Every structure is written in structure tokens, then in C-alpha cells.
Amino acid sequence: MVVWNTETVFACRMCGRCCEGRGGIVVGPADLARLCAFLNLAADEVIARYGERSNGKLKIRSGEDDRCIFFRQGQGCGVHEAKPAICRAWPFFRGNLEDPASLALAKKFCPGIAPEVEHAVFSRLGRGYLRAHGLIANDPSCEANALILK
């Protein structure tokens, strides 16, 4: 019998699948401050070099390969220690926590999610993970919607 915890439910394989796609990495105010400190740059410089505005929110740009510009194949995230909350939270997004069908799709997409974990267990552990790491968002004007829980 498997003893479920956040490490057995999800173990990152550093494949970069979650880094694919344009416009999904929202950078909230705390994320921007963390990136500025890590990169040793002022906020306006971080935004100019790495950001873009979409639907009123600051987001990290994608490279020509349609991945986050900080992702490096074989190395992973170039700003791992300072990565945005949305990245820190994967795969514990609202959709995956609230909808079994969404989790089933995420399991097919992400090799790090344990395929045999039941939705109720994943949801309970994921909510606990988000709470414990201060990743639940509340400001839809500048934070990732996937981190705003009902």
C-alpha cells in the first residue's frame, strides 16, 4: 500500500512540459520582488527583459521554443530558487484540485504526477501543500487564477 504525501503524489522529472506554452506564468508582486533579488535587477529591468503584459497581468515571456525563457533543456529552471508562485504550485492548480477530469488530463501531460493517486487524496494533499507554502492567491487582478481556490 502506498503512503501518500506530496512527494509520492508528485515528483518532478524536470521534463519542462509545465514550462511550455505562452502567457501562463503570472508574476505577482511577491514573485517580482523575489525575481528582482535573485537576478540583482530593478523591477523595471526585470519586466523589460523578461516580462510582458497580458490581460492586465505581468507574465514571463516565452522563448522561440514556446517555453518559459528561463527554462534550459537538461538543466531545468534558470531561476528555480526565485521562480513564481504558479511554478512553485504545479501540479496543485485549482482545476486539478477541484475537477477529477482535469487531474486525469494533467496525469497524461505530466510524468511527475503519480498515475494511481485518487483525486480526493491529490486534492487534500495539494490544498495542504499550497497552504503550507503560502501559495494560495487572492488578488485576481495580479495573481494567477489557478492559485485562487474556492
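Residue numbering for the sequence shown follows the working numbering, beginning at 273 and increasing consecutively.
We put the CB at the ideal spot given by N, CA and C, even for glycine.
None of the values given here were measured: they were computed from a predicted structure.
**OP:** State the CB to CB distance for the pair VAL299 and ILE332, rounded to an integer number of angstroms; the pair is presumed to be in contact (CB under 8 Å).
**Re:** 6 Å
Original post:
How many Å lie between GLY398 and LEU407 at the Cα?
Top reply: 11 Å
Subject >> GLY296 versus LYS422, LEU421 and ALA416, residue with shortest Cα-Cα distance >> reply: ALA416
Original post:
What does SER262 pair with, by DSSP beta-bridge criteria?
Top reply: There is simply no residue 262 to check, as the chain begins at 273 and stops at 422 in what is shown.
Subject >> Burial state of SER334, where buried means 16 or more other Cβ atoms lie within 10 Å >> reply: By the neighbour-count rule (16 or more Cβ atoms within 10 Å), SER334 is buried.
Original post:
Can you list, in chain order, the residues of its chain whose CB lies under 7 Å from that of LYS259, leaving out five sequence neighbours each side?
Top reply: Not covered by the structure: residue 259. The range shown for the chain is 273 to 422.
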